[in-house]
Structure formats: structure tokens, C-alpha cells
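Heads up, the thing below is written out as C-alpha cells.
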Amino acid sequence: MPIKPSVLVVGAGELGAATAVSLLRTGKFGEVTVIDRAAELPALDAASCDINKVVRFDYVDADYSALAKKAIDEWNKPEWKGIYHQTGVVVRGLHLQDHHGEGMRKTLKNVQSQEPRVRVLNSPEDFVQLLGPDPGIKVDPPSPEVRGYHNPSGGWANASAAVLKLYSFLSELGGKLVPSADLVELLYDENRKDVRGVRCADGRQFFADKVVIALGSWSGSHPALKGMMPEGLITATGQTIATVQLSPEQAKRYANIPVSMHHDGSGYYSFPPNEDGILKFALHRAGYTSETGIPRTAADPKAVAYHKDNEVGWIPQESFDSLKNQLAIVYPEIASLPIAYTRMCWYSDVVDGDWVIDYSPDYPSLIFATGGAGHAFKFLPIIGDLIRDRIEGTLDPHLAHKWRVTRAPKLEDPARVGMLRKPLDLSSLVKKDELLGSTSVAKL
Numbered sequence: 001m002p003i004k005p006s007v008l009v010v011g012a013g014e015l016g017a018a019t020a021v022s023l024l025r026t027g028k029f030g031e032v033t034v035i036d037r038a039a040e041l042p043a044l045d046a047a048s049c050d051i052n053k054v055v056r057f058d059y060v061d062a063d064y065s066a067l068a069k070k071a072i073d074e075w076n077k078p079e080w081k082g083i084y085h086q087t088g089v090v091v092r093g094l095h096l097q098d099h100h101g102e103g104m105r106k107t108l109k110n111v112q113s114q115e116p117r118v119r120v121l122n123s124p125e126d127f128v129q130l131l132g133p134d135p136g137i138k139v140d141p142p143s144p145e146v147r148g149y150h151n152p153s154g155g156w157a158n159a160s161a162a163v164l165k166l167y168s169f170l171s172e173l174g175g176k177l178v179p180s181a182d183l184v185e186l187l188y189d190e191n192r193k194d195v196r197g198v199r200c201a202d203g204r205q206f207f208a209d210k211v212v213i214a215l216g217s218w219s220g221s222h223p224a225l226k227g228m229m230p231e232g233l234i235t236a237t238g239q240t241i242a243t244v245q246l247s248p249e250q251a252k253r254y255a256n257i258p259v260s261m262h263h264d265g266s267g268y269y270s271f272p273p274n275e276d277g278i279l280k281f282a283l284h285r286a287g288y289t290s291e292t293g294i295p296r297t298a299a300d301p302k303a304v305a306y307h308k309d310n311e312v313g314w315i316p317q318e319s320f321d322s323l324k325n326q327l328a329i330v331y332p333e334i335a336s337l338p339i340a341y342t343r344m345c346w347y348s349d350v351v352d353g354d355w356v357i358d359y360s361p362d363y364p365s366l367i368f369a370t371g372g373a374g375h376a377f378k379f380l381p382i383i384g385d386l387i388r389d390r391i392e393g394t395l396d397p398h399l400a401h402k403w404r405v406t407r408a409p410k411l412e413d414p415a416r417v418g419m420l421r422k423p424l425d426l427s428s429l430v431k432k433d434e435l436l437g438s439t440s441v442a443k444l
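With the UniProt record's numbering as the guide, the letters of the sequence shown map in order to residues 1 to 444.
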């Protein structure tokens, strides 16, 4: 009987954990080990460690739309009960006569081809009805010319709970999860023709027949990976998030609102409140870059000290203003509440929005699984299978070409046309007193 190949996955976020689970489920692989630098998993500064992420199949790109619909079918299965919430998604912007409106109309066609229950919203009353399902919710009606649609097949998932579920599957299948294993360097064969494992900061070494790199937003800046991918292919970009704490009465009233998205160039989206009454709203834009290229998070004691000493939040003033203004457009009552906390969520970003799932062109046993670009999480139930298919050489050739590491990226992500990345200027961070007197706490 042939020996089953072993696999080492570096990075325990959604891509790494999902890959390990998928590999083990096939029964074709031997020892599968997932290591991560964080002592506590999921890593508190990982993008996948969050109270919620949008799950939708509303894409201009037909590939991602079809794959996301497949993922939603999986999200609706019993194993994700209590983690995935199919609240529906309301999107506005069909009326715009620019590239945002054009993109949304293409998206609508993709969605309608897969979901017959999609409803086009043609009046202020349509929006008010869907955005305010409880009569006690005050919804500011949009201008009469505003158009949009409601997709009932979609919603949100508790991101941290979903990753923990993957860890549970990993354990049940006999995989290993190793925290506090901070990658320092790759280990090569004697001729330096292939990668055989990794060495960690504490001196431990891990070896395997195949090594999967799933470092998320650290993929483009980690010293061990220098020169492994085209320059600038992966960049860590910070995306801005804010939250408000609803009272129990408010949380009950707003419990059944849909995910709301503004496809107008603002990048705005918001969620229903979670079980703790926290309502999150955020911006999906080109993002902010750090001076070092390394994500700047509350896992960094120096960053925490800076925010404390200077009494600032974690997001720039301009983003804070945009977030509050966009929220007020829909839910003025919530927009008047104090901010519970702000967060900069760091993407493993790619300019064209396409993932990087590919073998290294230089080392035949090294695989990259990164470049989630802020939209990979919704695919969690199936993305491990896609990465496994690439490892086994069975991935659809069209997708393999799309996600190849050697590509020259397109100049723009269809979801973020016209948006430009900005360096994060610490002097621009929102002041604590701007957070409406809230007891805002440091979030990653």
C-alpha cells in the first residue's frame, strides 16, 4: 500500500483550516498539520476572527457568483446551523448611470439566473418595507429615483464561530492544530530545489511532503516568503469597521433586518445585530496600507500604546464620517448611538480581487492559498475543496488560470472600480471624543 502524503498548512485562518479539513475528508492524505503563530486560536488579529461576515452570491464575475451560490447551499446545511443566518441582502444602486450602476446591473443578471425570488426595488416604499420589517424601526426612505434589489438567498455568518467549527472538524478527522508556531524560515532539500518544511521562532521544525502557505494579510510581507510571489501581488490593506451596542429592546426590533449594501462607490454595508446586540457596519474599499507593509493591529503592544496615549480610535476620521453618514441614510436611530468599538480589518489583498491558489513555480511541493481580497470568507464551506483540487491537480483549468501566482493582475477589482489605496496616516485617526463619548475599546 502506498504511503499517503503528509501536508503542513502554515496559517490557521479560514483558508488554511478549510484546506486541512478538505484534505482529511478525502482519506488520501496522511498526517495533516496546521500551525499558526498565535497562542490563542483563532488569531485575534486575523480577518476571519470577527463577529460576522457577509455571505452573498452577488458578483459581476460569473465564476465567483456561481461558486458563492454553491457555498450558500452548503451554509444552509445542518452543520452550520446557528453560524449562518439567511437574512437576505438588500442592495441599492441600480439607478446609477456610471460604472457602479453598470456593474450592479450585470450583478443582478447573474443573481437572477440563479435565484428566481430576487425582487427589484423600484420605490422608496419597497426599500422601507424590506429594511424595516418591524413597524418600530424608523427607516429613512431613499429618494424616488433610487433603485435596487432584494436577494433572499444570502445573509451573514459568525466568522469566529465558523473557524472554530473548522477546528472541530479538523480534530474529529485526526488533524493537528499547533498554536504558538511562528514561521521564521522555509526549509529546503539539500539541493535547494524544493521546500520540505518550516522552522519556527522557538526552534521547532515541521516537515511534510507538501507545504501550504495560508498566511492571510501577512503573505505579502513575511520575510520567509520574500521573492516567492510577484512583487506587489499581495498587499495588506486595512478596511474600516465600526459597531454600535443596541439595547435589548432595540436588538429585538432590529433582529430581522437584512444585510444592507450601497453599491454607489461608498463601499458601505451593514449587518443585523448579533446575539449580543452589536450591530456592525463597514466599508469595502481599496483600503489603507501600513508604512511597513505589515498589518497594524491591537496584537502589537506599540500600536495599542499609541492609541491609548493619543486617545484615538483605530480608523481614520474620513472613514468614520463616511460610515456614520451611510448608516444614517438608512437607520437614523442607530446612527445616533455611541460607537462601541472601531476596528481596522486587514485583507490579504490583490488589486484584481482574484485569489492566489497555486503551486510555486520554483518549488514543486510549495502551494500558496492566499489573496482572499476581502471576499473569500463567504466561500468557507467549499474553498478548502477548491484549494485541495489545485493541490491534487484537478481544479477546473479556467479557475487554475484565474488564480495562478504568476499572473499579471488586472488593474482593478470589479467590486472596487475607481478606488485607490491610501497610506494609513496615524494623525488622521478619529479622536475618542468623536466616537460620541462611547467607551470604545481596542479591537484588532
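Where is the CB? At the ideal position from N, CA and C, for every residue including glycine.
G103: member of the alpha helix (DSSP H) spanning 99 to 112, first to last residue.
Between I72 and A157 the beta-carbon gap is near 10 Å, outside 8 Å, which marks them as no contact. As the crow flies, the alpha-carbon of P381 is around 6 Å from that of E74.
The beta carbon of K210 lies closer than 7 Å to those of P5, V7, S365, I367, I391 in the same chain, with the five residues before and after it left out. Annotated three-state conformation of I334 is helix, per DSSP. Assigned with DSSP and collapsed to three states, F29 falls in coil, not helix or strand.
R404 sits close to D358, with the two beta carbons spaced by under 7 Å. By alpha-carbon distance to Q239, the top candidate from L164, Y288, L183, T292 is Y288. Across the set G30, D425, G13, G374, the C-alpha of G374 shows the shortest separation from the C-alpha of G267. Taking the Cα positions, D134 is about 11 Å away from Q250.
Judged by DSSP secondary structure, G313 falls within the beta strand (DSSP E) whose first and last residues are 312 to 316. Distance from the Cα of D362 is smallest, within the candidate group N76, T406, G371, for T406.
Annotation for H150: the continuous beta strand (DSSP E) segment containing it runs 148 to 151.
Of all alpha-carbon atoms in C49, E434, V128, I383, the one lying nearest the alpha-carbon of D321 is that of E434. DSSP places H401 in the uninterrupted alpha helix (DSSP H) bounded by 397 to 402. Counting along the chain, G384 sits inside the alpha helix (DSSP H) bounded by residues 380 to 392. Rounded to the nearest angstrom, the gap between the Cα atoms of L94 and S123 is 12 Å.
DSSP, reduced to helix, strand and coil, places G197 within a strand of the structure shown.
R296 counts as buried, since no fewer than 16 other beta carbons sit within 10 angstroms of its beta carbon.
Assignment of E185 by DSSP, reduced to helix, strand and coil, places it in the strand class. Here the alpha carbons of D194 and M228 stand approximately 12 Å from one another. When the five nearest sequence neighbours on each side are left out, the beta carbons in the same chain lying within less than 6 Å of the beta carbon of Q86 are those of G155, in order along the chain. Taking the Cα positions, G13 is about 43 Å away from P144. As the crow flies, the alpha-carbon of V430 is around 16 Å from that of C345. Between the segment 164 to 172 and the segment 93 to 109 there are fewer than three C-beta pairs closer than 8 Å, too few to call the two in contact. Following the DSSP letters along the chain, one finds L420 in no alpha helix (DSSP H), marked with neither H nor E.
DSSP, reduced to helix, strand and coil, places Y64 within a helical segment of the structure shown.
For the set T235, G384, A303, S260, the Cα lying nearest the Cα of A286 is the one of T235.
Under the 10 Å beta carbon count, P248 is surrounded by fewer than 16 other beta carbons and is classified as exposed. In this structure, the alpha-carbon of F127 lies about 12 Å from that of H262. Straight-line measurement puts the Cα of T342 at about 16 Å from the Cα of A305. The beta carbons of V146 and R92 sit closer together than 7 Å.
For V405, no alpha helix (DSSP H) encloses it, and the DSSP letter there is neither H nor E. Closest by C-alpha distance to A201, out of V351, V330, A39, F271, is A39. In this structure, the beta-carbon distance from T26 to V212 does not fall below 7 Å. The C-alpha of V54 is placed about 7 Å away from the C-alpha of K378.
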